Structures are given as structure tokens and as C-alpha cells.
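In what follows, a structure is listed as C-alpha cells, so that the remarks can point back to it.
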Amino acid sequence: MPGGSFNRREFLKLFGATAGCFVATAAAVPFVPRLGTARAAPGAFHFPQGLASADPQPDAVMLWTRVEAIDPGAALPNGDVDLYVQVANDLAFEEVVVEQAVRASAASDHTVRVFVQNLRPDRVYYYRFYAGGDQSPYPGRTRTAPLPGAKRKVRFASVSCQSYEAGYYGALRRMTNDDIEAPAEEQIDFVLHLGDFIYERTGDVPEDRSVARLVGPLPDGSEPWEPDGTHDWWRKGGQAAVTLADYRHLYKTYLTDPDLQAARARFPFVHTWDDHEFTNDAWQSYASYFANGEPAQKRKVAANRAWFEFIPAVLSNAPRFHDIAAPAHDFQNRNVDDTPMGAYDDDFLFEGDNARALSTLTIYRTLRWGSMLDLVVTDLRSYRSPPVIDENIDALIEGAPVPPVRVVKLLDAGRTANEGNPPVTISYGDREIENPRKDAPPGTHLGGPQKTWFKEVMKASTATWRVWANSCPALQVRLDFSRIPFAGLEDGYAATDAWQGYPGELKELMAFLKDERIGNVISVAGDHHAFAAGRLPVDPDAETLFCPAVEFMTAAISSSSMYSMADRATRDNGFFHRAVALQDENGTQANWNNTLVNGLRAGILVNYTSSDYLFDLVRNERASPGLDYIDSDAHGYTLVSLDEEKAEAVLVNVGDVQIDAGPGGSKVRCKAHFTVKPWTGGEEPVLEGPLFEGVPPYPWNREKKAG
Ligand SMILES: [Fe+2]
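Remember, the numbering used here sits 748 above the position in the sequence shown when you count from 1.
Laid out in C-alpha cells, this is it:
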């Protein structure tokens, strides 16, 4: 199936229509040549990346496709191709409401984005593109948002992390197929994509090379690096995207996947990005493969341009949110040079080529669905301060299994540490170095302008629910090493590339929600390749937690799971590996879930006894403060529904995705349901769940045993 073409009949299933009906009525719509290239005979053009719609408004939606000339002579002399798009009330296209000409320019790699306006609110529409005598291989379906005052339930799915080489997209197919079968009032309004739509590097394949598809050589691509012992994927001959042609190649390859095309054809998407749309662990316009802060301004501009070409979104056309201007804007090309990082100043390097590269595209924005939902979409990569863990700090904390909370918090606070008296040096064990952030401003994840905007929209929002499309998780995911006697280790963050690397600003935002009495805030996050649910504390280290918001983290569609990565990373260390993978009478269990939620002592203990009495005795309910649930051995998607009585999240785990499930989609292994009732600003939400359908993950499948 990968890279294969589509059977039109298969796509009809996307809409629940019968093949006969479509074929008959499609023939009934005569082809009318309208534009220059429209006179080409059938067979001159095709649409290998399908079509898509995005960012529904009550009266408008963005449509997308990419056309290719099979016969280059059929294009205009400059290579452009004229298309037209039809939008109809019905799948038969008998009631066409919009017909619009649009040019696919060679300069945009023949991608087109069409902002279709004057639509009616809260309706399903169908659309298709024509080039010459050829039409898009199947029609698309989309739906507009309800009017701002409309009181109706809103349902959406959140997804993230779809490495093409790490697995198949059976989860997207499951979501699509289930939606077709669902009653109309239970169908998804839109899909929120939280990023890692592409991965910029190739050859990062599963250890056992069990997935049978590769992106293939990039047109330019970095040379596969010499083996240096730390980067597996280079050794396998992998490359990283370097040029616009490389990023385009990635989008084009990913978008040949039939399951991804099916989902894009059925649902409007709302996108933000994570790191891999540009480069692994990216921040601003810098990369970090071999050293922290490698200048990559040219790549950032190329990555932004390719994103804009292949990912539809309403940016320059975004409506104002209450009285707050939308900062988002379309791609604007700028010439940049790759320039090394300067010294930290008051606004963390936002100047020169870096600032120019970042200014080519702004994507943070809001969307609204009726009276129920304000969706606040952030960009957590373009404006974040440099990571606190650089080479020097890495050397300082050598021997620490993960970055210690104390060290990260101290560095992140910069000159504000210790109430404005930052220590001159920073120590770990018997090592001590100068505090590199002594004079630096406190770390920022959103960057100043986006943070101001975020607070304004949260405060101005009048919807029942505020959903924060937050690519990087804000839930605490910690390892409580201080509870292991004699190890001499400190509590650490499992990862610092998400909000855990910016604890000061996260605290500021949570305190803002509490102090401004802003309730009903739900963060939906991706990035970590695991499902999780929990509460977001103002101060995770305070004696009493106060949590003004909840978060639902969605697992990867296809990228290697968090559990498999932890398993691989600890395999040579018997002691810690037991905290990750447990062998019991049921086989191998993802004990990592247990360790993160209940602490290392509980994680180790279960290797020796199944006694609940002892488990409860050693369990640390504040191991990761606020983290109530994690399913790290998982792939899938999250369904969120919102009405005036409650918000519900269903974390749908489809298990392994290393075998192509085909048009039937992956099978569901487990659904974990969580609900939260609306809460008054200044109070705390009560998160209920999980309730399971299917096989619960470890340790929720533990049989309770008397001690
Ligand atoms: Fe990812």
C-alpha cells in the first residue's frame, strides 16, 4: 500500500456513500474548460498527494491540493497549472456553491491553498479540484464551524508524531473508519495535529527494521555522517533535510500514504508544528545534532516555506479574536545567512538573521467553535530560549540518569534565581562550574510577544472551554531518584525538551490562570509518544498542589513509543531496566508507566512482589506531581468532546503499528476514558478516570492481591 495509488471505490467509504451513486453523479457533472491549461486532455495531470481542508471558520475554510503534470507540455509555458475547485452541499455535486479558479505555481511546487469564503456555518461540504480533463482522485469532505453563539457539542481528535519510516498510519485509518460508522452527532468536527507531521531525518528506523518503507534519498540532504558512536541513524546511512527540495520531498512522500490521505479527505485539520518539521529538538532557528545552537537559519526558512506549501492553515486571513489582533501570517520569503548564536541579551537572541528567519512565518492563532470552544494554538519552537542543558551542563551533571530538577530550575530562572541573587557557581556532586545563566533573563518557551498574546486570549475568551493546542506536554514526567536510598541521586525530569525545560514560565502561566480565575482550560499535547492524563500544578514542588488546568497527552500515530525508547536506553543497566520493563507471568509489562506515576520504589518493588500492601507502602503519589495516568507503550489518537456538562477525553490505543493494517485500519487495544466537569476559575478541576474498554495498560491491569 505505501506509495500506492487509490482505488476510488475505497475512498467513497470515507463519506458513507455508495459507489454507484458517486460514479453516476460524477458523470452527470460535465467538465467545462475554464482556464488556459484546462484544455488538456484527460490523463495530463494527477494529484498524488490528495487534498485537504483546514482551519474551519463559520463562513470559510482553507482548501488544499497539489497537482502534477504527467505530460509537462500540458502545463503553462512557465510550468504553472491552472485549476479550479468546486465546493458543493452534496457528495453528488448537484448543488455546487463555489466554483473558483486557482493557479498552482511551479514556484510553490504546484501546491495550492484556496481560502473559500461565503459558506454557511456548521455544515458539511464536499470539494474537488480539476486540472484540464482530470479531477482529484476522490472528493474531499469538510465542515464549517458553528456561529460563535451556537450552543452545540464539539468533538475533535488530537494526533501527533507520524514518522513514515517508524510505522504505518493504521491509527488514522481506524479514526476515519470509525467516524464514518458513527451517528452524525458523534462525528468529529476537526482533527488537531500537534506536530511532527514529518521527520526531517531519514534512516531513523526501528531497531529490527521491521517497517518496510523508507523515505529514500533526499534530493540534497546532509551527507550521512561518519559513525561517531552516538547517532545511530547516521550509521544506517540516514540523512537530514537541508534544503527546500528536501523538506518538499518529505511532505510529498508522507502524503502519498493512503491512510493519511483518507483522514485529510474526511476531516478538516488544524495544525501546529513540533520540532521535526524543522529539526530535532529545535529552538528558534538553531539545530542541535552535534552541538547545541548550530546555526540553521537557511534551513528554518526552507522548513517554514515547505510547511506553508503543504500544510493548509488560515494565517493572514485569521479573524480577530475579540479585540486581539491575530499575529499569524502567511509565509514571506527572506534572505538569511547561517549566523552563530550571539550572547544572551534581554530578549534571547531575537535579532539579525535569526529574527529574519523566524519572521518568515507566524502560525500561533485562535479558532472558535460556537459557544463551546476557543482553541488556542501555540508555536513552542520558534521563540523558546536556548535549552538549559548544553554541553557544559551535560558535563557537569554526568552520572545523573536524567537532568536534575534542581539544576534545571536554577538555570531556567537565570538572574531571577534565589529571589534575584543567583548563585555565582552551580554544582553537582563534587563538580562545580560558573553559573552560565547568572545574568540571563529567565527562560521562555512561548517568547515574550506570544506569552502576552496567550494571556490576553485566555483572559478574553468567553467560550465554555479553552483548549490549548500545546505541542509540548506540560504534565510533570519525573523520576524520583531521591527515594532510592544510598543512590546519591536527585529527582530529575524525564525530558527537558518540552515544558519541563521551562519550569519558570509554566509556573507563571498556571499562576496566571489561577489568579485571573480562568477555568475550563484543557491542554492537549503530543510530542512524548505516550498517552497521559493529569493535572497541571502551579508549583509542582509546593507542599500542597494547586492545579488550575488539566492535560491530555496523545501518543504517536506511528513514531517509536516512549516505552520502546526507554526500554532501549536502559537495556544495559539491569537495575533501571527493571523500572522500565517488568517480566511477569503475563509476559513483558510497560513498568515505565508505573515508575513515572507511582515512583521508582514502586517500579522496582513489583519485580519482587505483587503485594498491594507493600506497593501502597512504597508508592510515591507525588513522583510526577499531577500525573495521574500514562500509557507509554502505545500508538493512537485522542478523541475530545466538549459540552456544557463535561469534557471527555478518550485515549484510543491501537498498539503496534509496524505492520500495515490496510484499509481496515488498526484494531483498538484499549480505550481509556477521562471526564472533567466545568470548574469555576480559581478552583481546581476534578479529573475522573480512567475507565477502560479493552485491555488496560500496566499497572492498571494489575490484579489486586492481599499483602
Ligand atoms: Fe515526535
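C-beta: ideal position from N, C-alpha, C; glycine also. Note that the structure is a prediction, hence the values are computed from the model and not measured.
Assuming residue i contacts residue j (C-beta within less than 8 Å), just tell me the rounded distance between them.
i     : j     : result
V860  : V850  : 5 Å
F1056 : F1079 : 4 Å
G1299 : A1273 : Reading off the sequence, residue 1299 comes out as Glu, not Gly. Going by Cβ atoms, the distance from E1299 to A1273 rounds to 6 Å, so yes, they are a contact pair.
What do you reckon, is the C-beta of residue i under 7 Å from a heavy atom of ligand 1?
i     : result
S712  : The structure shown does not extend to residue 712, since the chain is modelled only from 749 through 1455, so no value can be given for it.
C909  : yes
D1275 : yes
D1127 : no
S1380 : no
H1304 : As written in the sequence, residue 1304 is Ala, which differs from the His given in the question. It does: the Cβ of A1304 is within 7 Å (strictly closer) of some heavy atom of ligand 1.
H1024 : yes
D927  : no
D1404 : no
S1309 : no
D1245 : no
D838  : no
D1029 : no
D944  : yes
Consult DSSP for residue i and reduce its assignment to one of helix, strand or coil.
i     : result
M1089 : coil
H1325 : helix
Q1459 : The chain is shown from 749 up to 1455; residue 1459 falls before or after that span and cannot be answered.
G918  : helix
W1448 : coil
G1282 : strand
L1223 : coil
V1405 : coil
I1181 : strand
A1010 : helix
S1312 : helix
M1258 : helix
P1296 : coil
R900  : coil
V771  : Confidence is the limiting factor: at V771 the pLDDT is only 32, short of 50, which leaves the residue's position unreliable, though a coordinate-based value still follows. Three-state DSSP puts V771 in a helix.
R1231 : helix
M923  : helix
V777  : For V777, the predicted structure reports a pLDDT of 38, less than 50, and the residue's modelled location is therefore unreliable. The matter cannot be settled from this model.
I1174 : strand
G1442 : strand
D1142 : helix
G1413 : coil
Q1198 : helix
Q1248 : helix
I1352 : helix
M1120 : coil
T1302 : coil
F945  : coil
I1266 : coil
* Asked: Using 8 Å as the threshold, is the stretch 1134-1144 in touch with the stretch 1221-1240, meaning 3 or more CB pairs across them?
  -> no
* Those runs of the beta strand (DSSP E) which lie wholly inside the stretch 1365-1403 and span at least 3 residues -> 1375-1379, 1384-1390 and 1395-1401
* Asked: Is there contact between the stretch 1333-1340 and the stretch 1359-1366, where contact requires at least three CB pairs shorter than 8 Å?
  -> no
* Check whether the stretch 1284-1293 touches the stretch 1387-1401, counting contact only when three or more Cβ pairs, one atom from each stretch, lie closer than 8 Å. => no
* Asked: Would the stretch 855-872 and the stretch 893-902 be scored as touching if the rule is three or more Cβ pairs under 8 Å?
  -> yes
* To do: Just list the alpha helix (DSSP H) runs in the stretch 1013-1100, keeping only unbroken ones of 4 residues or longer that don't cross its boundaries, in chain order.
  => 1045-1058
* Asked: Do the stretch 919-934 and the stretch 1320-1329 make contact, defined as three or more Cβ pairs closer than 8 Å?
  -> no
* **Contact between the stretch 1266-1278 and the stretch 1160-1178 (3+ Cβ pairs under 8 Å)** => no
* Taking only runs of the beta strand (DSSP E) that begin and end inside the stretch 779-855, which ones reach a length of at least 3 residues, in chain order? -> 799-802, 809-814, 829-836 and 844-852
* Asked: Any contact of the stretch 1200-1210 with the stretch 1274-1286, i.e. 3+ C-beta pairs under 8 Å?
  -> no
* Asked: Between the stretch 1153-1165 and the stretch 1237-1254, do three or more beta carbon pairs fall short of 8 Å?
  -> yes
* Asked: Can at least three beta-carbon pairs, one atom from the stretch 1037-1044 and one from the stretch 1054-1070, be found at a separation below 8 Å?
  -> no
* Does the stretch 830-846 come close enough to the stretch 1051-1058 that 3 or more CB-CB pairs lie under 8 Å? -> no
* Asked: Should the stretch 939-946 be regarded as contacting the stretch 1209-1222, the criterion being three or more beta carbon pairs within less than 8 Å?
  -> yes
* Answer yes if the stretch 1297-1316 comes into contact with the stretch 1186-1198, meaning at least three C-beta pairs across the two stretches below 8 Å, and no otherwise. => no
* Asked: Do three or more CB pairs link the stretch 823-833 to the stretch 1024-1036 at distances below 8 Å?
  -> no
* Asked: Would you say the stretch 1416-1431 touches the stretch 1395-1403, given that touching needs at least three Cβ pairs under 8 Å?
  -> yes
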